[in-house]
Amino acid sequence: MIKHLLTLTVVFIASWGMNGLHAAEKIKVLITDGPQRAHQFQETTPVLKRILENVSLFEVDHSRSSKESCEDGSYMPNFSNYDVVVMNEGFGAADWPEATQKAFEAYMANGGGMVSIHAANNCWPNWKAYNKMTGIGGWAGRNEASGPYLYIDAKGEVIRDYSEGRGGAHGPQHEFEIVVREKEHPIMKGLPPTFKHGPDELYDRLRGPAENITILASAFSSEEQRGTGRHEPVLMTITYGKGRIFHSILGHHVEQMKEGSFVTTFLRGTEWAATGEVTIPVPKDFPDQEFE
Numbered sequence: 087m088i089k090h091l092l093t094l095t096v097v098f099i100a101s102w103g104m105n106g107l108h109a110a111e112k113i114k115v116l117i118t119d120g121p122q123r124a125h126q127f128q129e130t131t132p133v134l135k136r137i138l139e140n141v142s143l144f145e146v147d148h149s150r151s152s153k154e155s156c157e158d159g160s161y162m163p164n165f166s167n168y169d170v171v172v173m174n175e176g177f178g179a180a181d182w183p184e185a186t187q188k189a190f191e192a193y194m195a196n197g198g199g200m201v202s203i204h205a206a207n208n209c210w211p212n213w214k215a216y217n218k219m220t221g222i223g224g225w226a227g228r229n230e231a232s233g234p235y236l237y238i239d240a241k242g243e244v245i246r247d248y249s250e251g252r253g254g255a256h257g258p259q260h261e262f263e264i265v266v267r268e269k270e271h272p273i274m275k276g277l278p279p280t281f282k283h284g285p286d287e288l289y290d291r292l293r294g295p296a297e298n299i300t301i302l303a304s305a306f307s308s309e310e311q312r313g314t315g316r317h318e319p320v321l322m323t324i325t326y327g328k329g330r331i332f333h334s335i336l337g338h339h340v341e342q343m344k345e346g347s348f349v350t351t352f353l354r355g356t357e358w359a360a361t362g363e364v365t366i367p368v369p370k371d372f373p374d375q376e377f378e
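For the sequence shown, our numbering gives the first residue as 87, with consecutive numbering after it.
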């Protein structure tokens, strides 16, 4: 993987140079996390940070909330210092202070960037603006009142299903094929039409506002794996005001985050959320490139 990262670095410097920028002008990233019930954020956040910092394009900070700092209102990152915020949150995360929520809403509405990783769509079901930012989510009491199910039918059409039912499910971890749906989108351009990922959790039955959302890629949730028998969104983009969001359901834990399919889509999605463009190339051996 080191060889690939060195190659990426050279390409990034060349790309910034062509845009009249200096190589030292980096994309500033903030990763947020905090106590949650089902995911080991203490182990996954360092992996996300290392993936980004292995590329010269990004400069990364980290902010961790706690139940106490959320309750007393002291958790207040300065979002305006960053080009993009990576949410490594999860089910059971403490509600951010109201002032912090409003500050983040303003940051996004005015053109900020956000990346939602895996369980970040599980948290904060009552924060309406955040649910608009993730587009769809699961668990934490989500149901038909949260918005429609979103999936792709056998004809390739995007379906918003308003039927009753809980939001959020997955079968056992398994390998699945990801199908690119928007091949010309900057994040997906240059990726093969289909590629493998996993074993990982394939989220299904996600539901939410589903506004201003584009499904970049999907995967078939097979009934043999306790799935829905339909194509479920895997990679998405959402707009919130002037802000850009990249939403990936991939990356349950460290091993899944180290897979080439996750690394490349995460890097490209983060750059797009921050800038609206993608200069990060697709490795020649994608998705089989190794990350240590």
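Cβ atoms here follow ideal geometry from the backbone N, Cα and C, with glycine treated the same way.
Given A205 as reference, the closest of E309, F377 and M173 once Cα atoms are compared:
M173
For E191, is the classification buried or exposed, using 16 other Cβ atoms within 10 angstroms of its Cβ as the cut-off for buried?
buried
To the nearest angstrom, how far is it from the Cα of E268 to the Cα of P234?
22 angstroms
What does E318 pair with, by DSSP beta-bridge criteria?
A305
Below 8 angstroms between beta carbons: does that hold for D119 and R150?
yes
Apply the 10 Å Cβ neighbour rule to I88 and answer buried if 16 or more other Cβ atoms are within range, or exposed otherwise.
Unreliable placement is indicated for I88, whose pLDDT of 41 sits below 50; the coordinate value is still reported in the next sentence. Classification for I88: exposed.
What is the rounded straight-line gap between the Cα of E363 and the Cα of I113?
12 angstroms
Bounding residues of the alpha helix (DSSP H) (the contiguous stretch that carries K214)
K214 to T220
If the criterion is Cβ atoms closer than 8 angstroms, does the pair E261 and H338 meet it?
no
Hey, out of L302, P319 and G197, whose CA is closest to I222's CA?
P319
So, helix, strand or coil for F338, using DSSP?
Here the sequence assigns His to residue 338, which means Phe is not the residue at that position. Looking at H338 - three-state DSSP - the assignment turns out to be coil, as it is neither helix nor strand.
Measure from the alpha carbon of T361 to the alpha carbon of each residue in K214, P367 and V170, then state which is nearest.
V170
G284: first and last residue of the uninterrupted alpha helix (DSSP H) it sits in:
Looking at the DSSP string, G284 is not in any alpha helix (DSSP H); the run it does join, the beta strand (DSSP E), is T280 to D286.
Same chain, Cβ closer than 7 angstroms to S155, five either side skipped, listed in chain order
Y161
If we ignore side chains and look at the alpha-carbon of each, how far apart do Q342 and H283 end up?
8 angstroms
State the CB to CB distance for the pair R316 and Y237, rounded to an integer number of angstroms; the pair is presumed to be in contact (CB under 8 angstroms).
5 angstroms
Where does A185 land, buried or exposed, given buried means 16+ other C-beta within 10 angstroms?
exposed
State yes or no: is the C-beta of I335 within less than 8 angstroms of the C-beta of Y289?
yes
Mind reading off the beta-carbon distance from V265 to M274? Whole number of angstroms is fine, and I expect it under 8 angstroms.
11 angstroms between Cβ atoms; not a contact.
Under a Cβ-count criterion, where at least 16 other Cβ atoms within 10 Å of its own Cβ denotes burial, should G197 be classed as buried or exposed?
exposed
Indicate the three-state DSSP secondary structure (helix, strand or coil) for T325 in the structure shown.
strand
For H204, name the three-state secondary structure that DSSP assigns.
helix
Quick one: grab the DSSP three-state call for T300.
strand
How should N167 be labelled, buried or exposed, when 16 other C-beta atoms within 10 angstroms of its C-beta is the threshold for buried?
exposed
Give me the Cα-Cα distance between T379 and P279, rounded to the nearest whole angstrom.
In the structure as shown, the chain begins at 87 and stops at 378. Residue 379 is therefore absent and cannot be evaluated.
Leaving out five residues before and five after G327 in sequence, what residues of the same chain have Cβ atoms less than 8 angstroms from its Cβ?
M194, A195, N196 and G197
N-terminal and C-terminal residue of the alpha helix (DSSP H) that R354 is part of
G346 to T361
Can you check whether the CB of E263 is closer than 8 angstroms to the CB of E250?
no
Could you say which of G346, E357 and T365 lies nearest to F372 if we only look at CA atoms?
G346
If contacts are defined as beta-carbon pairs under 8 angstroms, then A359 and F377 qualify, I think. What distance do you get, rounded to the angstrom?
With a Cβ gap of about 21 angstroms, A359 and F377 do not count as contacting.
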